[in-house]
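If you read the sequence shown in this note's numbering, its first letter stands for residue 11, the second for the next number, and so on.
Glycine included, every Cβ here is placed at the ideal spot set by N, Cα and C.
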Amino acid sequence: MDETGGECVYRDKWYEVECAENVLVDILSRLPIKSILVCKSVCKHWCRLISSQVFIDMQLLRSRKNSFYIVYPFMDVMMELFFVKNSGEIAKRMNFPYCDNFSPITIICSFDGLLCCINYPWKVESGKVFDDETDLEIRICNPITRKALLIPRGSPSKEKPSIGVVFGPKINEYKIFRFFSPKRIPLAKHRYRVSRLQCEVYSSISGFWSVIGRVPYCPMRSSHSPLGSNHVFVNGKTHWFIASDEDPMTPGLIFTVDIEETFGTIKLPADVTEHSYLVDLKGCLSLVAVYDEDEIMNIWTLEDKNEPEWELKCSDNVPFSNDECVEFVVAKENDIFVITSNHYYIFDSDHRVWTELELSNIFQTRSPVAFTYTESLLYCGGRIDPMMEYISGRSM
């Protein structure tokens, strides 16, 4: 009788918890993301609750405190993601989508669990299939929920387009900026309208592209990462390098844009190099520059937003020789993740300590890129889930 009564009391108490949805949200949002996905199948009530925007936002706020590095070695056939801890331990690995109509794909940015992936679409001419380098297929993906949104095609371009993503103040609000050169329009025989660099923007709110018009600069391409552009989102703005007039391989200026589609520029500190990267270091726009001849790495930060002035945070000798090429750099809190052609390092910028990670045998020399990553349940297309592509694959 006591046991039965105790069980009834327990069920009554748990029923009260389930009815108090704010309490249940607080409990379930603390679980690991894998357990949360399992909980969706417990009952319809839990599935509805976990799918709600309130729960998704709560889970994201908790997950931001436990971010990873996500490393993606560039591959032609299978896209495999590696979730790496600061210690270099691989927390997990996951097969990402590969479809028959995909050319090689790469990641260009990561924010709140969403990845922006791009690839050249395939084109058929004279019976031959090849990459159409004047266009890009753009996907916003969430590897945790196994969903992806294929962004509508942009305007035709006569040259390789460049893109960057700006994220809004609201959770899961973003705009994709696409820089392109319009194809020349014939006006009469042997006469063409002069084409100039233009920009168009895709909004997650509207789901459509809109043309901004001519822009004075084109973002500089990364010479070390396939398809990727060296840009970073910090403090409400996306930042790209612009090539210097003297050397197209060396940055000469920073080009910025915010969610309101306002463009601007920022001057660079003196003596930047070809191996320069923009990163988010503790919420500050920062510049990492590696000097090959001196085997030195400088880290500059830009803290004053009103009167921007670069400050040299630290300068340190690198633990690799000058015949190694720096392939990619990303930051998380005060750590700098440096990927060279042969090695992987974490540099603690506060204590100036280098730690080599044992990842070389796994990734070899497959042009890997890395980003900070936060696991989330965010929808790919905005706060309301539109029609999505389901990503096939297995989590390992």
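Secondary structure of residue i, DSSP reduced to three states
{"i": "Lys44", "result": "helix"}
{"i": "Lys75", "result": "helix"}
{"i": "Arg58", "result": "helix"}
{"i": "Met89", "result": "strand"}
{"i": "Val52", "result": "coil"}
{"i": "Ile154", "result": "coil"}
{"i": "Leu207", "result": "coil"}
{"i": "Val328", "result": "coil"}
{"i": "Ser120", "result": "strand"}
{"i": "Ile115", "result": "strand"}
{"i": "Met397", "result": "The predicted position of Met397 is uncertain, since its pLDDT is 43 and thus under 50; a value taken from the coordinates is nonetheless stated next. Correct three-state label for Met397: coil."}
{"i": "Val64", "result": "helix"}
{"i": "Asn96", "result": "coil"}
{"i": "Ser370", "result": "helix"}
{"i": "Arg231", "result": "strand"}
{"i": "Val33", "result": "helix"}
{"i": "Leu295", "result": "strand"}
{"i": "Leu38", "result": "helix"}
{"i": "Leu388", "result": "coil"}
Buried versus exposed, by CB contacts within 10 Å (16 or more), residue i
{"i": "Pro153", "result": "buried"}
{"i": "Ile37", "result": "exposed"}
{"i": "Asn371", "result": "exposed"}
{"i": "Ala341", "result": "buried"}
{"i": "Phe218", "result": "exposed"}
{"i": "Glu368", "result": "exposed"}
{"i": "Thr2", "result": "In the structure displayed, the chain extends from 11 to 406; residue 2 sits before or after that span and is not available."}
{"i": "Lys323", "result": "buried"}
{"i": "Cys53", "result": "exposed"}
8 Å contact criterion, which residue i and residue j should meet: CB distance rounded
{"i": "Cys390", "j": "Leu124", "result": "6 Å"}
{"i": "Pro378", "j": "Tyr82", "result": "6 Å"}
{"i": "Thr248", "j": "Val176", "result": "5 Å"}
{"i": "Asn327", "j": "Ile306", "result": "6 Å"}
{"i": "Gly293", "j": "Asn240", "result": "Contact flag wrong, Cβ pair sits at about 19 Å."}
{"i": "Val300", "j": "Val267", "result": "Going by Cβ atoms, the distance from Val300 to Val267 rounds to 27 Å, so no, they are not a contact pair."}
{"i": "Ile173", "j": "Glu147", "result": "With 8 Å as the limit, Ile173 and Glu147 do not qualify as a contact, their Cβ atoms being about 11 Å apart."}
{"i": "Tyr383", "j": "Phe93", "result": "7 Å"}
DSSP bridge partner residues for residue i (one or two, in chain order)
{"i": "Gly174", "result": "Phe187"}
{"i": "Gly274", "result": "Thr266"}
{"i": "Tyr301", "result": "Ile306"}
{"i": "Thr248", "result": "Phe243 and Val267"}
{"i": "Glu321", "result": "Thr311"}
{"i": "Thr365", "result": "Ile356"}
{"i": "Lys138", "result": "Glu135"}
Proximity test, residue i beta-carbon vs the ligand FAD heavy atom, cut-off 7 Å
{"i": "Ser45", "result": "Among the components of this structure there are no ligands whatsoever, and the ligand FAD is therefore not found."}
Next on the checklist: Counting beta carbon pairs with one atom in the stretch 220 to 230 and one in the stretch 247 to 260, are three or more of them shorter than 8 Å?
Outcome noted: yes
Next on the checklist: Check whether the stretch 207 to 225 and the stretch 186 to 195 are in contact - that is, three or more C-beta pairs closer than 8 Å.
Outcome noted: yes
Checklist entry - If we count Cβ pairs, one from each stretch, closer than 8 Å, do we get three or more for the stretch 353 to 367 versus the stretch 46 to 55? => result no
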